[in-house]
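A.B. asks: Once you've had a glance at the structure underneath, I'll fire off some questions.
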């Protein structure tokens with residue numbers, strides 16, 4: 001009777017271990033798939049969730065509210081830096097990325113957490129969190145070290161952002177050549193925007209004009 005009981009317990013234990021291994025493999029696969037989603041040409045708005053913050057050394061906490069009027073594009077990151085909202089934080093990240101040639105990308109981007117990393121193999125990381133008490137975004141953890149080189153490729157310079165920045169100029173000059181547009185983007189933004197992407201920017205900006213004209217005609 002004792003041998004039968006022991007055998008039954010061993011089988012049940014083995015079954016539990018197998019189930020845990022299956023769950024572990026499933027979790028690893030999901031994480032890898034989530035990371036691959038961010039390898040596309042542009043920044044993704046898809047939310048990616050991680051259970052816990054990454055483990056790296058925290059810097060000295062210095063509470064400081066970010067001031068967009070006095071801070072240059074090359075921001076000095078520090079633990080305790082506070083941003084008014086998520087939009088401000090992401091705009092600063094984009095500006096800093098262009099100014100320093102750092103290919104930043106988001107590993108976590110949800111309603112209350114942001115994890116920012118740099119090029120593959122680069123140790124730089126930022127973990128920012130939304131704090132309800134201040135209604136601001138706080139830099140909680142920082143590894144402010146780089147071993148990457150300057151990159152003219154930037155996923156954060158999206159078609160949408162380029163249209164918002166250069167839309168009026170494109171509307172005034174609808175025949176703006178793609179080669180000239182490419183050179184201006186590279187000179188002003190320090191980013192290499194391909195001609196196909198420039199074409200999408202021009203087309204989207206001009207489509208907005210067409211849509212506006214159609215609305216006006218429909219009112220007549």
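Residue numbers (the UniProt record's numbering): 1 to 220.
Built from N, CA and C at the ideal position, the CB exists for glycine as well.
In this structure, does DSSP put residue 66 in helix, strand or coil?
C.D. replies: coil
A.B. asks: Determine contact between the stretch 177-197 and the stretch 112-129, defined as no fewer than three beta-carbon pairs at a distance below 8 Å.
C.D. replies: They do not touch, by the three-pair rule.
A.B. asks: When you compare the CB positions of residue 154 and residue 191, do they come within less than 8 Å of one another, or not?
C.D. replies: yes
A.B. asks: If you drop the 5 nearest sequence neighbours on each side, which residues of the same chain put their C-beta closer than 6 Å to that of residue 227?
C.D. replies: Limits of the chain in this structure are 1 at one end and 220 at the other, which puts residue 227 out of reach.
A.B. asks: Should the stretch 175-182 be regarded as contacting the stretch 200-207, the criterion being three or more beta carbon pairs within less than 8 Å?
C.D. replies: Touching, per the Cβ criterion.
A.B. asks: For residue 172, does the count of other Cβ atoms within 10 angstroms reach 16, so buried, or fall short, so exposed?
C.D. replies: exposed
A.B. asks: Assign residue 149 to one of three DSSP states: helix, strand, or coil.
C.D. replies: coil
A.B. asks: Where does residue 209 land, buried or exposed, given buried means 16+ other C-beta within 10 angstroms?
C.D. replies: Burial call: exposed.
A.B. asks: The beta strand (DSSP E) with residue 140 in it runs from where to where?
C.D. replies: 136-143
A.B. asks: If you count every other CB in all the chains shown that lies within 10 Å of the CB of residue 135, and 16 or more means buried, which is it?
C.D. replies: Exposed, since its Cβ has fewer than 16 Cβ neighbours within 10 Å.
A.B. asks: Over the uninterrupted alpha helix (DSSP H) stretch that includes residue 294, give me the two end residues.
C.D. replies: The question about residue 294 has no answer, for the chain in this structure spans 1 to 220.
A.B. asks: DSSP three-state label for residue 120, please.
C.D. replies: coil
A.B. asks: If you measure from the CB of residue 189, is any heavy atom of the ligand ZN nearer than 7 Å?
C.D. replies: This structure does not include the ligand ZN; it has no bound ligands of any sort.
A.B. asks: For the beta strand (DSSP E) that residue 131 lies in, which residues bound it at each end?
C.D. replies: 125-131
A.B. asks: Under DSSP, the beta strand (DSSP E) around residue 79 begins and ends at which residues?
C.D. replies: Membership of residue 79 in any beta strand (DSSP E) is not indicated, and neither H nor E is assigned to it by DSSP.
A.B. asks: Three or more C-beta pairs closer than 8 Å, one from the stretch 144-160 and one from the stretch 91-100: is that the case here?
C.D. replies: yes
A.B. asks: In angstroms with no decimal places, state the Cα-to-Cα distance between residue 79 and residue 142.
C.D. replies: 6 Å
A.B. asks: Please state whether the Cβ-Cβ distance between residue 83 and residue 161 is less than 8 Å.
C.D. replies: no
A.B. asks: With 16 as the cutoff for other CB atoms within 10 Å, does residue 214 come out buried or exposed?
C.D. replies: exposed
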